[in-house]
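> Take this structure, written in structure tokens, and hold onto it; I'll ask about it next.
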Amino acid sequence: MAEYDLTAKLGRYFDRHLVFPLLEFLTERNIFDEKEILQAKYDLLQHTTMVDFQLDIYKKLHADGEEPKELIEKREEIVSRFTELSQAVQPLLDAVVTEDAARHIEHQRNSDSML
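The numbering used here numbers the first residue of the sequence shown as 277 and each following residue consecutively.
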């Protein structure tokens, strides 16, 4: 069955977030070894901000191993950046997320008329 699998060939043309459902499907079908699928997921997450998910997969791959220092540092950077961006957009959210604004947006058919 694995010789007919096109996931590796097609996956390189997909956004990495679209490859995860394919890998989940392969996991459920038991076509490949679970460690191979976990390693593919881990490699896929290398260039994303999904560090918590990557840490979970690392723990499954290395049950007795310690979490990599790089991933812990990367997580701290991502959380810091998220906090910084959240604070930067908070005034905009406060202005937009009011009952009057929500009601106005709700009754508009055309987004151009909101400006």
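Quick reminder that beta carbons are idealized off the backbone N, C-alpha and C, glycines included.
Here the structure is a predicted model, which is why all the values come from computation and not from measurement.
Work out the CA separation of Phe290 and Lys317 for me, nearest whole Å.
14 angstroms
> Starting from Thr283, trace the alpha helix (DSSP H) in both directions and tell me its first and last residue.
Segment 283-287, the alpha helix (DSSP H) holding Thr283.
> With burial defined as no fewer than 16 other Cβ atoms inside 10 Å of the residue's Cβ, what is the status of Leu321: buried or exposed?
By the neighbour-count rule (16 or more Cβ atoms within 10 Å), Leu321 is buried.
> Is it the case that the stretch 336-349 contacts the stretch 301-315, given that we only count it when at least three CB pairs across the two stretches are under 8 angstroms?
yes
> With distances taken between CB atoms, is the gap from Thr283 to Leu302 smaller than 8 angstroms?
yes
> Measure the C-alpha to C-alpha separation of Lys350 and His293 and round it to an integer number of angstroms.
19 angstroms
> Let me know the secondary structure DSSP gives Phe358 once reduced to three states.
helix
> Can you tell me where the alpha helix (DSSP H) with Phe301 in it begins and where it stops?
In the DSSP assignment, Phe301 falls within the unbroken alpha helix (DSSP H) covering 292-305.
> Going by DSSP in three states, Pro242 sits in which element: helix, strand or coil?
One cannot answer for residue 242 here, as it falls past the ends of the chain, which runs 277 to 391.
> Relative to the alpha-carbon of Lys345, which residue among Asp319, Thr359, Arg357, Val327 has its alpha-carbon at the smallest distance?
Val327
> Measuring only the C-alpha atoms, how far is Asp340 from Gln363?
38 angstroms
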